[in-house]
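Beneath this line is the structure, given in structure tokens, with notes to follow.
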Amino acid sequence: MTATQPAPSRPIVGFAALALVAAIVALDALRSPAIDPFTVPPPAALGSGQAPGGAHCSAG
Amino acid sequence: MIARRLTLLAAGLALVAGTFAWAGPRAAFLVAIGVGFGLVLEGLRMGFAGPWRTVVTDRDARGLIAQLLAIGATAAVALPLLAAAPGELIGAHAPVGVGMILGAFVFGAAMQVVMGCGSGTLVNAGSGNLVGLVALAGFIGGSFAGTLHLGFWSGLGSLPVITLQGVAGSGGGLALTLAALALVGYAAIRRADPGKRLPPLRLWVAAGLLAVLAILNLMVAGQPWGIVYGLGLWGAKIADAAGADLAATAYWAAPANAERLAASVLTDVTSLTNIGLLVGAFLAMRWRAAPDAPPAALTLPSWAAVLLAGLVLGYAARMAFGCNVGAFFSGISTGSLHGWVWFAAAFAGSMLGLRLRPWLLVARPATPIVERPA
Numbered sequence: 002m003t004a005t006q007p008a009p010s011r012p013i014v015g016f017a018a019l020a021l022v023a024a025i026v027a028l029d030a031l032r033s034p035a036i037d038p039f040t041v042p043p044p045a046a047l048g049s050g051q052a053p054g055g056a057h058c059s060a061g
Numbered sequence: 002m003i004a005r006r007l008t009l010l011a012a013g014l015a016l017v018a019g020t021f022a023w024a025g026p027r028a029a030f031l032v033a034i035g036v037g038f039g040l041v042l043e044g045l046r047m048g049f050a051g052p053w054r055t056v057v058t059d060r061d062a063r064g065l066i067a068q069l070l071a072i073g074a075t076a077a078v079a080l081p082l083l084a085a086a087p088g089e090l091i092g093a094h095a096p097v098g099v100g101m102i103l104g105a106f107v108f109g110a111a112m113q114v115v116m117g118c119g120s121g122t123l124v125n126a127g128s129g130n131l132v133g134l135v136a137l138a139g140f141i142g143g144s145f146a147g148t149l150h151l152g153f154w155s156g157l158g159s160l161p162v163i164t165l166q167g168v169a170g171s172g173g174g175l176a177l178t179l180a181a182l183a184l185v186g187y188a189a190i191r192r193a194d195p196g197k198r199l200p201p202l203r204l205w206v207a208a209g210l211l212a213v214l215a216i217l218n219l220m221v222a223g224q225p226w227g228i229v230y231g232l233g234l235w236g237a238k239i240a241d242a243a244g245a246d247l248a249a250t251a252y253w254a255a256p257a258n259a260e261r262l263a264a265s266v267l268t269d270v271t272s273l274t275n276i277g278l279l280v281g282a283f284l285a286m287r288w289r290a291a292p293d294a295p296p297a298a299l300t301l302p303s304w305a306a307v308l309l310a311g312l313v314l315g316y317a318a319r320m321a322f323g324c325n326v327g328a329f330f331s332g333i334s335t336g337s338l339h340g341w342v343w344f345a346a347a348f349a350g351s352m353l354g355l356r357l358r359p360w361l362l363v364a365r366p367a368t369p370i371v372e373r374p375a
């Protein structure tokens, strides 16, 4: 059986994954308008009387 | 270890509280639901790609049965909810078409190469698997690239959107969905070896929790749990920042998508659950007394293959109107025929991927330690 090299440790790779997501959110925060706290949607769609936005994987 | 676990708990709460402050209560709920998905999938070791492999290679149906249980439990609540609140909730409904079937087949194959589906890629990356992280980078690029060509693939021919509740009524649609799930489960159990037929308690719990989270997702977001849309949006945000004119593309010029592209990513429900899912998987990995051993490092061509497979995974998921979550889990549990067709095509592709994996992923041998002569 041939010995193999391990990849970097799980915590290091996990932190790198968090950093990737944080970088995307940070990039977006720099370019997108701030969210107005007075126009955010109600806590839940059910019972809100509002139609969903429709931005979903199954939408064309 | 207690200090570390308290820190992890505080970090999870801080994420939810920070999201609440930044983007409001719905966003905070969705991040919390996403964290729940990550904790369940990583903490209770429930997945999609692995069970599809073991049901073929080891005659082990336990993981697949757990998936079917979760989908059935979700459907039992989601379908009546959709019927009761048609103006507030929508299902994961898409047309069956040539491009959709081809995409699902290719997705199934790529999923076995990287050993991670849509949710699995996020879980693997968050739990510190480098293959998952590299595949995630490819997935983001691929799902964005898929949006640029979706019109072409859809134009190859498709049926209108068909739902089981549309064919048989609300109660009939649920009965048909549950019966079809039972039929698939029966076939898997019949094929499985003794002792590998019914899930252990851990997977029953995981299936129940996944169903609760998926129903909460539907009630809070107004649409079912998804993965691919958010990742494609992240790719679009990066492309937009790099100067691409996305307003000139049909997909991103569509009002719903243009609105998401212009607004903060924290207003997109799928992005929010994706972020939570990855963080939840990270928290579950760090919660353990000792993290699992990292997977073996790969040869350079194999890393390139993982990146390419991630790209294909994302592109194919876009062609197929969803991945194992948006099409298989959410499509079937909200009555869409495309979820069932996706399942059949992706399962066939998965069997091809099992054959490709040993050829594409080669572990890098350890460098022998050469001792200097005294």
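The listed protein sequences correspond, in order, to chains Z and A.
Sequential numbering from 2 applies to the first sequence in this note's numbering.
Sequential numbering from 2 applies to the second sequence in this note's numbering.
Note that CB positions come from ideal geometry on N, CA and C, so glycine has one too.
These numbers were taken from a predicted model, which means no experiment stands behind them.
Checklist entry - Do you know whose CA, among A/F145, A/S331, A/R63 and A/T55, lies nearest A/G315's CA? => result Numbered from its first residue, the second sequence carries residue 315 of chain A at position 314. Nearest in C-alpha terms to A/G315, of all of A/F145, A/S331, A/R63 and A/T55, is A/F145.
Checklist entry - Which partner residues does A/S159 have in the DSSP bridge list? => result By 1-based counting over the second sequence, the position of residue 159 of chain A is 158. Listed as beta-bridge partners of A/S159 by DSSP are A/G98.
Checklist entry - How would you label Z/M2, buried or exposed, when you count the other beta carbons within 10 angstroms and need 16 or more for buried? => result Counted from its first residue, the first sequence places residue 2 of chain Z at position 1. Caution is warranted here: a pLDDT of 48 is assigned to Z/M2, below 50, making its placement in the model unreliable, and no coordinate value can be reported.
Next on the checklist: Please tell me whether Z/A27 has its Cβ less than 8 Å away from any Cβ of chain A.
Outcome noted: The residue given as residue 27 of chain Z occupies position 26 in the first sequence. No, no contact with chain A.
Checklist entry - With a Cβ-Cβ cutoff of 8 Å, do A/A251 and A/A105 count as a contact? => result For the purposes of this step, residue 251 of chain A is taken as the residue at position 250 of the second sequence. For the purposes of this step, residue 105 of chain A is taken as the residue at position 104 of the second sequence. No.
Checklist entry - From Z/S59 to A/L361, what distance separates their C-alpha atoms? => result Taking the first residue of the first sequence as 1, we reach residue 59 of chain Z at position 58. Taking the first residue of the second sequence as 1, we reach residue 361 of chain A at position 360. Taking the straight line from one Cα to the other gives about 30 Å.
Checklist entry - Considering only residues of the same chain and omitting the five flanking positions on each side of A/L273, which have a CB-CB separation below 7 Å? => result Here residue 273 of chain A corresponds to residue number 272 of the second sequence, with the count starting at 1. The residues are A28, L31, V32, G35 and L267.
Checklist entry - From which residue to which residue does the alpha helix (DSSP H) around A/R191 run? => result The residue labelled residue 191 of chain A in the question sits at position 190 within the second sequence. Per DSSP, A/R191 is one residue of the alpha helix (DSSP H) stretching across L165 to R192.
Next on the checklist: I believe Z/P7 touches A/A294 by the beta-carbon criterion, under 8 Å. Please report the beta-carbon distance rounded to the nearest angstrom.
Outcome noted: Counting from one through the first sequence, the residue named residue 7 of chain Z turns up at place 6. Counting from one through the second sequence, the residue named residue 294 of chain A turns up at place 293. Between Z/P7 and A/A294 the beta-carbon gap is near 7 Å, inside 8 Å, which marks them as a contact.
Item to check | Partners in chain Z for A/D269, counting only beta-carbon separations shorter than 9 Å | outcome: Residue mapping note: residue 269 of chain A aligns to position 268 of the second sequence, counting from 1. Residues of chain Z passing the Cβ test: G54 and A56.
Next on the checklist: For a quick check, are the C-beta atoms of A/A67 and A/A245 less than 8 Å apart?
Outcome noted: Residue numbering aside, residue 67 of chain A sits at position 66 when the second sequence is read from its first letter. Residue numbering aside, residue 245 of chain A sits at position 244 when the second sequence is read from its first letter. No.
Checklist entry - Of all the CB atoms in chain A, is at least one closer than 8 Å to the CB of Z/A18? => result For the purposes of this step, residue 18 of chain Z is taken as the residue at position 17 of the first sequence. A Cβ of chain A is located within less than 8 Å of the beta carbon of Z/A18.
Checklist entry - Between A/G19 and chain Z, is there a C-beta pair that is closer than 8 Å? => result Counting from one through the second sequence, the residue named residue 19 of chain A turns up at place 18. Chain Z contact via Cβ: absent.
Next on the checklist: Please list, in chain order, the chain Z residues whose beta carbon lies closer than 7 Å to that of A/R365.
Outcome noted: Here residue 365 of chain A refers to the residue found at position 364 of the second sequence. Here the neighbours are T5 and Q6.
Next on the checklist: If you follow the alpha helix (DSSP H) that Z/V22 is in, where does it begin and where does it stop?
Outcome noted: By one-based count along the first sequence, residue 22 of chain Z stands at place 21. R11 to R32 is the span of the alpha helix (DSSP H), which, as asked, contains Z/V22.
Next on the checklist: Below 8 Å, how does it come out for the stretch 123-139 of chain A and the stretch 345-360 of chain A: are there three or more Cβ pairs, yes or no?
Outcome noted: Contact fails: fewer than three Cβ-Cβ distances are below 8 Å.
Checklist entry - Are the beta-carbon atoms belonging to A/L357 and A/A110 less than 8 Å from one another? => result Here residue 357 of chain A refers to the residue found at position 356 when the second sequence is read from its first residue. Here residue 110 of chain A refers to the residue found at position 109 when the second sequence is read from its first residue. At a Cβ-Cβ threshold of 8 Å, A/L357 and A/A110 count as neighbours.
Next on the checklist: Taking only three categories from DSSP, how would you classify A/T55?
Outcome noted: Stepping through the second sequence from its first residue, residue 55 of chain A is reached at position 54. In the structure shown, A/T55 sits in a helix (DSSP, three-state: H, G or I).
Item to check | One or two residues paired with Z/P7 in a DSSP bridge | outcome: Counted from its first residue, the first sequence places residue 7 of chain Z at position 6. Residue pairing by DSSP places Z/P7 opposite A/A297 in a beta bridge.
Item to check | Collapsed DSSP secondary structure at A/W288 in the structure displayed | outcome: By one-based count along the second sequence, residue 288 of chain A stands at place 287. Helix.
Item to check | Of the listed residues A/D194, A/P26, A/I276 and A/A310, nearest to A/M116 (C-alpha basis) | outcome: Along the second sequence, read from residue 1 onward, the residue named residue 116 of chain A stands at position 115. Closest option to A/M116, Cα to Cα, is A/A310.
Checklist entry - Under the rule that 16 or more other beta-carbon atoms within 10 Å means buried, what is A/V168, buried or exposed? => result As a working note, residue 168 of chain A is residue 167 in the second sequence. Exposed: under 16 other Cβ atoms inside 10 Å.
Checklist entry - To the nearest whole angstrom, what separates the beta carbons of A/Q224 and Z/P53, a pair I think is in contact under 8 Å? => result Within the second sequence, residue 224 of chain A is the residue found at index 223, counting from 1. Within the first sequence, residue 53 of chain Z is the residue found at index 52, counting from 1. Their Cβ separation, rounded to whole angstroms, is 5 Å, which keeps A/Q224 and Z/P53 in contact under 8 Å.
Checklist entry - Contact check, A/G19 vs A/L279 under 8 Å by CB: the rounded distance? => result Mapped onto the second sequence, residue 19 of chain A falls at position 18. Mapped onto the second sequence, residue 279 of chain A falls at position 278. Contact doesn't hold; Cβ gap of about 15 Å is too wide.
Checklist entry - Taking Cβ-Cβ distances shorter than 9 Å, what residues in chain Z pair up with A/Y230? => result Sequence index remark: in the second sequence, residue 230 of chain A carries index 229 (1-based). What A/Y230 touches in chain Z: A56, H57, C58, S59 and A60.
Item to check | As assigned by DSSP and simplified to three states, the class of A/A243 | outcome: As a first step, residue 243 of chain A must be located in the second sequence, where it is residue number 242. Reduced to three states, the DSSP call for A/A243 is coil.
Checklist entry - Are any of the Cβ atoms in chain Z nearer than 8 Å to that of A/I276? => result As a working mapping, residue 276 of chain A is identified with position 275 in the second sequence. At least one beta carbon of chain Z lies nearer than 8 Å to the beta carbon of A/I276.
Next on the checklist: Does the structure place the stretch 183-197 of chain A close enough to the stretch 282-298 of chain A that three or more beta carbon pairs sit under 8 Å?
Outcome noted: Short answer: they don't touch.
Next on the checklist: Here's a check: name, in chain order, each residue in its chain whose Cβ is nearer than 6 Å to the Cβ of A/R203, leaving out the five neighbours to either side.
Outcome noted: Translated into the one-based positions of the second sequence, residue 203 of chain A becomes position 202. Leaving aside the five residues that flank A/R203 on each side, the residues in its chain whose CB is nearer than 6 Å to its CB run, in chain order, L45.
Next on the checklist: Is there a C-beta anywhere in chain Z that falls below 8 Å from the one on A/W253?
Outcome noted: Residue numbering aside, residue 253 of chain A sits at position 252 when the second sequence is read from its first letter. No - not a single Cβ of chain Z is within 8 Å of the one on A/W253.
Checklist entry - Taking only beta-carbon atoms, is A/A294 less than 8 Å away from chain Z? => result Numbered from its first residue, the second sequence carries residue 294 of chain A at position 293. Interface annotation, A/A294: in contact with chain Z, CB-CB separation under 8 Å.
Checklist entry - Straight-line CA distance for A/G340 to A/P201? => result As a working mapping, residue 340 of chain A is identified with position 339 in the second sequence. As a working mapping, residue 201 of chain A is identified with position 200 in the second sequence. Rounded to whole angstroms, the gap between the alpha carbons of A/G340 and A/P201 is 26 Å.
Checklist entry - Can you tell me whether DSSP reads A/A364 as helix, strand or coil? => result As a working mapping, residue 364 of chain A is identified with position 363 in the second sequence. Strand at A/A364.
Checklist entry - Taking just the CA atoms, how far does A/D241 sit from A/A254? => result Taking the first residue of the second sequence as position 1, residue 254 of chain A is located at position 253. Taking the first residue of the second sequence as position 1, residue 241 of chain A is located at position 240. When rounded, the distance between both Cα atoms is 13 Å.
Item to check | Contacting residues, own chain, Cβ-Cβ under 7 Å from A/F108 (five flanking each side not counted) | outcome: Working through the second sequence from its first residue, we reach residue 108 of chain A at position 107. Closer than 7 Å at Cβ, skipping near neighbours: L314, A317, A318, A321, C324, A347 and G350.
Next on the checklist: Taking 7 Å as the limit between beta carbons, can you name the residues of its chain near A/L83, skipping five residues before and five after?
Outcome noted: For this step, residue 83 of chain A is matched to residue 82 along the second sequence. Shown here for A/L83: same chain residues with a beta carbon closer than 7 Å to its own, the five before and five after excluded, namely L90, G92 and T335 in chain order.
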